[in-house]
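The block underneath contains the structure these notes are about, expressed in structure tokens.
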Amino acid sequence: MNGTLFDGRPGLARSVPFALYMLFLGLRPLLEPLLPEGSARWLYAAQIGSVMLALALLWRHYHELAEGPVSIARNLLAAVICGVLVFVLWINLDLPLLSLGQPEAGAPLDVAGRLDWPWLVVRVFGAAAVVPVMEELFWRSFIMRWLQKADFRRISPAAVGLRALFVSSLVFGLEHSLWFAGLLAGLAYGWLYRRSGNLWWPILAHGLTNFILGLWVISSGNWQFW
Numbered sequence: 002m003n004g005t006l007f008d009g010r011p012g013l014a015r016s017v018p019f020a021l022y023m024l025f026l027g028l029r030p031l032l033e034p035l036l037p038e039g040s041a042r043w044l045y046a047a048q049i050g051s052v053m054l055a056l057a058l059l060w061r062h063y064h065e066l067a068e069g070p071v072s073i074a075r076n077l078l079a080a081v082i083c084g085v086l087v088f089v090l091w092i093n094l095d096l097p098l099l100s101l102g103q104p105e106a107g108a109p110l111d112v113a114g115r116l117d118w119p120w121l122v123v124r125v126f127g128a129a130a131v132v133p134v135m136e137e138l139f140w141r142s143f144i145m146r147w148l149q150k151a152d153f154r155r156i157s158p159a160a161v162g163l164r165a166l167f168v169s170s171l172v173f174g175l176e177h178s179l180w181f182a183g184l185l186a187g188l189a190y191g192w193l194y195r196r197s198g199n200l201w202w203p204i205l206a207h208g209l210t211n212f213i214l215g216l217w218v219i220s221s222g223n224w225q226f227w
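So for the sequence shown, our numbering puts the first residue at 2; every next one is plus one.
In structure tokens:
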């Protein structure tokens with residue numbers, strides 16, 4: 002992407018992949034009736050592909066990802082516990098009061114009536130490997146720190162206050178149908194970012210949550226969690 006457009010606009014660079022993801026969500030109801038039966042679910046592949054392309058083109062702007070995971074001995078266990086705990090909370094906090102609507106979803110079947118395994122692989126990959134990078138860059142690295150200080154790149158994650166942590170987590174939760182579980186997930190990932198000072202750890206925890214959730218959805222048939 003045009004480097005001059007994003008140089009000096011760190012918030013924009015962290016918003017574009019997220020905006021593309023949300024754009025596909027908004028367009029899906031309009032596009033689904035135009036597509037052959039059974040093929041609409043593959044819009045997800047285009048959605049994830051567009052996010053991956055944006056992340057790749059803008060990667061040089063993500064200085065917080067340049068270093069890689071640090072203090073592995075100190076943070077790995079915390080990230081794993083965080084990821085597993087959020088999964089457990091997610092599948093147990095689906096009460097009507099804690100949800101925005103009641104999502105309905107059937108099994109993704111191919112024309113022969115069998116599970117569409119190629120799509121399932123894409124779905125789990127996107128949720129576990131792409132979405133966490135995109136969302137943590139936007140919600141934790143950008144929004145959470147920006148709520149604390151407009152020039153967010155100059156503030157350490159550890160210096161983010163509880164108000165910024167809570168507000169960013171609440172809005173993150175409202176992005177999901179299970180808003181309360183999303184709020185708790187945002188608090189957990191935000192706490193991990195503040196504790197570790199490194200964005201890779203909440204990315205790992207977020208990815209682990211989504212990976213376990215994907216395997217659980219497939220094995221249990223609780224498709225509504227997708």
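Glycine is no exception: its CB is placed at the ideal position from the N, C-alpha and C atoms.
Original post:
For G198 versus S170, is the C-beta spacing smaller than 8 Å?
Top reply: no
Subject >> Residues near W224 by beta carbon distance below 7 Å, same chain, minus five either side >> reply: A106, G107, A108 and V218
Original post:
Rounded to a whole number of angstroms, what is the C-alpha to C-alpha distance between A151 and R115?
Top reply: 51 Å
Subject >> L101, DSSP secondary structure in three states >> reply: coil
Subject >> Continuous alpha helix (DSSP H) assignments of at least 4 residues falling wholly in the region 73 to 125 >> reply: 73 to 93
Original post:
On the three-pair Cβ rule with 8 Å, is the region 10 to 22 touching the region 84 to 99?
Top reply: no
Original post:
Which whole-angstrom value describes the C-beta separation of L228 and W202, a residue pair presumed to lie in contact below a C-beta threshold of 8 Å?
Top reply: A query on residue 228 cannot be resolved here, the shown segment of the chain reaching from 2 to 227 and no further.
**OP:** Please name the residue, chosen from M145, V71, I204 and F25, that lies closest to G50 on a Cα-to-Cα basis.
**Re:** F25
Original post:
Which of the three DSSP states, helix, strand or coil, is assigned to S178?
Top reply: coil
Original post:
How many whole angstroms separate the CB atoms of A129 and N211, which I take to be in contact at a CB cut-off of 8 Å?
Top reply: 5 Å
Original post:
Taking C-alpha atoms, which residue in L77, R61 and W147 lies nearest to R196?
Top reply: L77
Original post:
Below 8 Å between beta carbons: does that hold for V112 and G222?
Top reply: no
Subject >> Chain-order list of residues whose beta-carbon lies under 7 Å from that of L56 (same chain, five-residue window excluded) >> reply: P18, V134 and M135
Subject >> Nearest-angstrom Cα separation, counted from L200 out to L66 >> reply: 7 Å
**OP:** Could you pull the start and end residues of the alpha helix (DSSP H) that V218 belongs to?
**Re:** W201 to S221
Original post:
Hey, how far is the Cα of G174 from the Cα of R124?
Top reply: 21 Å
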